[in-house]
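As given, the protein sequences belong to chains A and B, one line each in that order.
Count the first sequence with our numbering and you get residues 1059 to 1400, in order.
Count the second sequence with our numbering and you get residues -5 to 212, in order.
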Amino acid sequence: MPLCPLGAGDLGLAGDDGYNCRSCLAWLATAWAIFQGLLVEALPFLLIGVAIASLARWLAPGGRWMQKLPRHPVLGPLTGAALGFALPACECGNVPVARRLLAGGAPLGTALGFLFAAPVLNPIVLASTWVAFPNQAWLLAARPGGALLLSLLLASVLRLLPETALLDPALLEERRLNQPLAEVGLLERRTGLVGPATPKALPDKTPRPPLQEVLQHGSREFLDLAVLLVLGCAIAATVQTLLPRSWLLAVGGAPTLSVLSLMLLAVVVSVCSSVDAFLALGFAAQITPGALFAFLVLGPVVDLKLLGLLRVLLRPKAIALTSAAAAVAVLVLGQWINLLLL
Amino acid sequence: MTALCLALWGIVLLGSSLSGRLDLLLRGVFHPLVGFSGVVLLVLAGAQLKDAWGQGRRPGAPRGWWLGAAVALLVLAIPPNPSFSDLATNRPAELGQEEALNFVLPPAQRSLTDWVRLLRSQPDPSLYEGDPVRISGFVWPQKGDQPQLARLLVRCCLADATPVGLPVRWPPGQVPKADRWLAVRGTMAVEEHDGQKRSVVVAERIAAIPRPRRPLEP
């Protein structure tokens, strides 16, 4: 490319309006671009999640296998976490699958264990963490271990709430239909058992729904979730543009503050769990080991982009409880790691 | 309405893939997945349309879907045009360590990112004094210093973009504006900055260039 000597008029020289002024238009344009980046990156993963949930609905109609999953308070979440290996997707893709598990009558602990642990305990995320941090053996063990511990804790805490206070009403209604009568009261089920019509007994084996119906259901689910994803991405893009990331990393060396700031960064950045290790690599040298752990464990469970999607599963108070419990647990674990490694 | 909304999202994903818009938003490894998802959504929209047409159904749409459709139309209508210097200023300059360094490249063939990686791995400025430099990037203003020439590295999407920059000694009175994309030819020199020696590009010839088709680097 021919290069002009200095002085060519089209270089645009810095004047009074120089670089200290962030114009509103530039701010909006940047936020809009970040929004589009987050949305376009997350939509395919959402589609994958909906496809897997629809496939499960078609292949195993009635979801009887879900009701046979373990109900044990520890074994249940562990089984749910292990299911993550069947779904190599990030947290966005996990939501529709977790919804399918809950709607199909799966034990609460198992479904919650899947929801909170599977975004980390899946082959792609474990491989990306290993590729990004091949020399930090402690992290390769601490990340999946921390995710498992966190999912157990969150499942235990959320199980303390009655299902009516925990689950979204529409999901709860769908779940009641698939739960055995031994577990659900007649009035809770709200299916017309109390009323003029004589209810039909549930067949032993639910027939496979037509593919057309499954596609219709999956399409509607995708569109419902896409709207919530749009809201989450809009919040994440706005906060990211307003809050300079350098502020969050400025306290990198202080043990407690660094953990707190990286937790906040994980929530704000809302980056997919399958690539967050590569992002963390960029500032890993600046921060404490506990802060690095906090970033990689909290982000897949709670972030701004995910908050909208979680609304199809949980009531707002339950989301708040999840966020608070996850934050406290990750802070404690991060501090403990700092004590061990610093 | 189901078919229309699915088609809109499909067009957003496939259109972004075909128009090159993804080059500005995502790392290349995700591009095929986005394009394929767009095709799947369009096929699904076709199936839904055929189904609704055959049964003569026109089911109502939840209000949220209208919001989604409006956002999809906005995304189609308003392409992303971020301020690179704004993005860079908001994030700390860092560099991942997993990328291999291109030691074999002669100095004049090193890109801006190659130079930054080299300077991080071998930070003795005197090693590079007098080396020819031919780089391109956007102008990244610095507080209390001359603007640098910079690039954005991306791991996943624009949300995680991280800047890398090289100090440039611009000719007196010729400091360019933020966000301009420039090609710079010059030589590497050593200067004192905040009591420490550092490498700086002495710009000899500068040209304004359009933003590259793929402005983000892995």
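Glycine residues also receive a C-beta, built at the ideal position from the N, C-alpha and C atoms.
These figures come from a predicted structure and were not determined experimentally.
Proximity test, G1134 (chain A) beta-carbon vs the ligand SAM heavy atom, cut-off 7 Å = No copy of the ligand SAM occurs in the structure displayed, which carries no ligand at all.
Under the three-state DSSP convention, the category V1388 (chain A) falls into | Position 330 of the first sequence, counted from the start, is the residue given in the question as residue 1388 (chain A). Helix at V1388 (chain A).
For R208 (chain B), the residue or residues it bridges with in DSSP | Stepping through the second sequence from its first residue, residue 208 (chain B) is reached at position 214. None; R208 (chain B) has no bridge partner.
Is L176 (chain B) near V133 (chain B), with beta carbons less than 8 Å apart?
-> The residue you call residue 176 (chain B) lines up with position 182 of the second sequence. The residue you call residue 133 (chain B) lines up with position 139 of the second sequence. Contact: yes.
Just how far apart, CA to CA, sit F1172 (chain A) and A1223 (chain A)?
-> Taking the first sequence and counting its residues from 1, the one referred to as residue 1172 (chain A) is at position 114. Taking the first sequence and counting its residues from 1, the one referred to as residue 1223 (chain A) is at position 165. In a straight line, the C-alpha of F1172 (chain A) is about 20 Å away from that of A1223 (chain A).
Going along the chain, which unbroken runs of the alpha helix (DSSP H) with 4 or more residues stay wholly within the stretch 1145 to 1206 of chain A?
-> 1149 to 1161, 1166 to 1175, 1181 to 1190
Does the distance from the CB of V214 (chain B) to the CB of V1288 (chain A) come in under 8 Å?
-> There is no way to answer for residue 214 (chain B), as the model of chain B reaches only from -5 to 212.
Is S105 (chain B) close to chain A, meaning its C-beta is less than 8 Å from at least one C-beta of that chain?
-> Reading the second sequence from its first residue, position 111 is the one you call residue 105 (chain B). Output row for S105 (chain B): interface = no.
Between the CA atoms of A1176 (chain A) and G1290 (chain A) - distance to the nearest angstrom | Here residue 1290 (chain A) corresponds to residue number 232 of the first sequence, with the count starting at 1. Here residue 1176 (chain A) corresponds to residue number 118 of the first sequence, with the count starting at 1. Taking the straight line from one Cα to the other gives about 20 Å.
Name the residues in the stretch 1323 to 1336 of chain A whose C-beta lies less than 9 Å from a C-beta of chain B; which are they?
-> Cβ contacts with chain B come from V1327, S1328, V1329, C1330, S1332, V1333, D1334, A1335, F1336.
Helix, strand or coil: how does DSSP classify G1250 (chain A) here?
-> Within the first sequence, residue 1250 (chain A) is the residue found at index 192, counting from 1. Below a pLDDT of 50, predicted positions are generally treated as unreliable, and G1250 (chain A), at 47, falls in that range; no measurement from the model is reported.
Compare the beta carbon distance of S1112 (chain A) and V1285 (chain A) with 8 Å and say whether it is the shorter of the two.
-> In the first sequence, residue 1112 (chain A) corresponds to position 54, counting from 1. In the first sequence, residue 1285 (chain A) corresponds to position 227, counting from 1. For S1112 (chain A) and V1285 (chain A), no; Cβs fall outside 8 Å.
Using a Cβ cut-off of 8 Å, pull out every chain A residue sitting near T(-4) (chain B), in sequence order please.
-> As a first step, residue -4 (chain B) is located in the second sequence; it is residue number 2 there, counting from the start. Those are Q1274, S1277, R1278, L1281, listed as they occur along chain A.
Expressed to the nearest angstrom, what Euclidean distance is found between the alpha-carbon atoms of R1201 (chain A) and G9 (chain B)?
-> If you number the first sequence from 1, residue 1201 (chain A) lands on position 143. If you number the second sequence from 1, residue 9 (chain B) lands on position 15. Distance between R1201 (chain A) and G9 (chain B), taken at the CA atoms: about 37 Å.
Quickly, what does DSSP pair H187 (chain B) with across the bridge? List them, please.
-> One-based indexing of the second sequence puts residue 187 (chain B) at position 193. Note: H187 (chain B) sits in a beta bridge opposite B:Q190.
Rounded to the nearest angstrom, how far is the Cβ of P1135 (chain A) from that of L1160 (chain A), given a contact under 8 Å?
-> Your numbering for residue 1135 (chain A) matches position 77 in the first sequence. Your numbering for residue 1160 (chain A) matches position 102 in the first sequence. Contact flag wrong, Cβ pair sits at about 14 Å.
Return the first residue and the last residue of the beta strand (DSSP E) that Q136 (chain B) is part of.
-> As a first step, residue 136 (chain B) must be located in the second sequence, where it is residue number 142. Element bounds for Q136 (chain B): 126 to 136.
Does the distance from the CB of L81 (chain B) to the CB of L2 (chain B) come in under 8 Å?
-> The residue labelled residue 81 (chain B) in the question sits at position 87 within the second sequence. The residue labelled residue 2 (chain B) in the question sits at position 8 within the second sequence. No. Outside cutoff.
Please confirm if W1039 (chain A) has its CB atom under 8 Å from at least one CB of chain B.
-> Any answer about residue 1039 (chain A) is impossible in this case: the structure gives chain A only from 1059 up to 1400.
Cutoff 8 Å: A1087 (chain A) Cβ touching any chain B Cβ = As a working mapping, residue 1087 (chain A) is identified with position 29 in the first sequence. True, the Cβ-Cβ gap to chain B drops below 8 Å.
Segment limits, beta strand (DSSP E) that includes T156 (chain B) = In the second sequence, the residue the question calls residue 156 (chain B) occupies position 162. Note, T156 (chain B): beta strand (DSSP E), 156 to 163.
Using a Cβ-Cβ cut-off of less than 9 Å, list which residues of the stretch 114 to 126 of chain B approach chain A; keep chain order.
-> none
Can you tell which of B:R163, B:P157, B:M182 has the C-alpha that lies nearest to the C-alpha of F1009 (chain A)?
-> As displayed, chain A neither begins before 1059 nor continues past 1400, which places residue 1009 (chain A) out of reach and without an answer.
Count the other CB atoms within 10 Å of the CB of S1277 (chain A); is the residue buried (16 or more) or exposed (fewer)?
-> Along the first sequence, one-based indexing puts residue 1277 (chain A) at 219. That one is buried.
What's the gap between the Cα of C1406 (chain A) and the Cα of K1363 (chain A)?
-> The shown model of chain A, from 1059 to 1400, leaves out residue 1406 (chain A), and the question about it has no answer.
Return the residues of the stretch 20 to 32 of chain B that lie within a Cβ-Cβ distance of less than 7 Å from chain A, sorted by chain order.
-> L20, F24, L27, V28, S31
Stretch pair the stretch 42 to 49 of chain B + the stretch 175 to 195 of chain B: three plus CB contacts closer than 8 Å = Result no; under three Cβ-Cβ pairs closer than 8 Å.
Closer than 8 Å by C-beta to R1217 (chain A): which residues in its own chain qualify, once you throw out the five before and the five after it? Chain order, please.
-> As a working mapping, residue 1217 (chain A) is identified with position 159 in the first sequence. Closer than 8 Å at Cβ, skipping near neighbours: P1131, L1166, G1167, L1170.
Answer yes or no: do L1096 (chain A) and A153 (chain B) have a C-beta to C-beta separation smaller than 8 Å?
-> Counting from one through the first sequence, the residue named residue 1096 (chain A) turns up at place 38. Counting from one through the second sequence, the residue named residue 153 (chain B) turns up at place 159. By the CB criterion at 8 Å, L1096 (chain A) and A153 (chain B) fall inside the cutoff.
Selected residue, minimal CA-CA separation from N1396 (chain A), among A:A1292, A:A1383, A:A1352 = Position 338 of the first sequence, counting from 1, holds the residue named residue 1396 (chain A). It is A:A1352.
Determine the DSSP secondary structure at V28 (chain B), reduced to helix, strand or coil.
-> Here residue 28 (chain B) refers to the residue found at position 34 of the second sequence. Helix at V28 (chain B).
CB contact check: V1108 (chain A) to chain B, cutoff 8 Å = Position 50 of the first sequence holds residue 1108 (chain A). Output row for V1108 (chain A): interface = no.
According to the neighbour-count rule (16 or more other Cβ atoms, all chains shown, within 10 Å of its Cβ), is L1179 (chain A) buried or exposed?
-> Numbered from 1 along the first sequence, position 121 holds the residue referred to as residue 1179 (chain A). It is buried - the Cβ of L1179 (chain A) has at least 16 other Cβ atoms within 10 Å.
Members of the stretch 174 to 195 of chain B near chain A, C-beta cut-off 9 Å = R174, L176, A177, V178, R179
Beta strand (DSSP E) segment containing D139 (chain B), residue limits | For this step, residue 139 (chain B) is matched to residue 145 along the second sequence. Note, D139 (chain B): beta strand (DSSP E), 139 to 147.
Beta-carbon of Q1270 (chain A) versus every beta-carbon of chain B: anything under 8 Å?
-> Along the first sequence, one-based indexing puts residue 1270 (chain A) at 212. Q1270 (chain A) counts as touching chain B.
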